[in-house]
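Undergrad:
In my numbering, the protein residues as written are 18 to 140.
(1) Based on DSSP bridge pairs, tell me the residues matched to residue 132.
(2) Taking the continuous beta strand (DSSP E) assigned at residue 28, which residues delimit it?
(3) Cβ of residue 22 within 9 Å of Cβ of residue 119?
(4) Out of 110, 131, 121, which has the shortest C-alpha to C-alpha gap to residue 62?
(5) Express the C-alpha separation of residue 90 and residue 97 in angstroms, rounding to a whole number.
(6) Just to check my reading of the structure: residue 73 and residue 60 have Cβ atoms closer than 8 Å, yes? What is that Cβ distance to the nearest angstrom?
(7) Is it buried or exposed, residue 107, if we count other Cβ atoms within 10 angstroms and call 16 or more buried?
(8) Among the candidates 128, 76, 114, whose CA atom is the shortest distance from the CA of residue 69?
(9) Put residue 96 into one of helix, strand or coil per three-state DSSP.
(10) Look at the Cβ atom of residue 104, then the Cβ atom of residue 75, and state whether they are nearer than 9 Å.
Put into structure tokens, the structure is as follows:
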């Protein structure tokens, strides 16, 4: 079992940063809190029939933070819904399993999220 899981941090300017998040619960919470600047809250869960689940995490307190169009578009692509969520502040996308433990993103999810940052209007 790996010691880290692969996640993506999407900044409000559209910059995407690869994160290696610890599998240790305490370290994991601290890393995510540091990356978001606050305690994390799950914005949406994306559950796919093939078992490749993704969660979008954002800071609990997002008031006053700039909108994150890139993360909103990525979430739209992942969900396959016509509605684009109103998202503020940085967002972490990471996989999860049936037990609720964080897992590495699938290659398909990584490609989908990176596609959102390639849209010229996002930056």
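Even glycine gets a Cβ: it sits at the ideal position worked out from N, Cα and C. On a predicted model such as this, the values are computed, not experimentally measured, just so you know.
TA: Taking the structure as given:
(1) DSSP lists no partner for residue 132.
(2) Premise fails: residue 28 is in no beta strand (DSSP E) and is neither H nor E.
(3) yes
(4) 110
(5) 10 Å
(6) 4 Å
(7) buried
(8) 114
(9) helix
(10) yes
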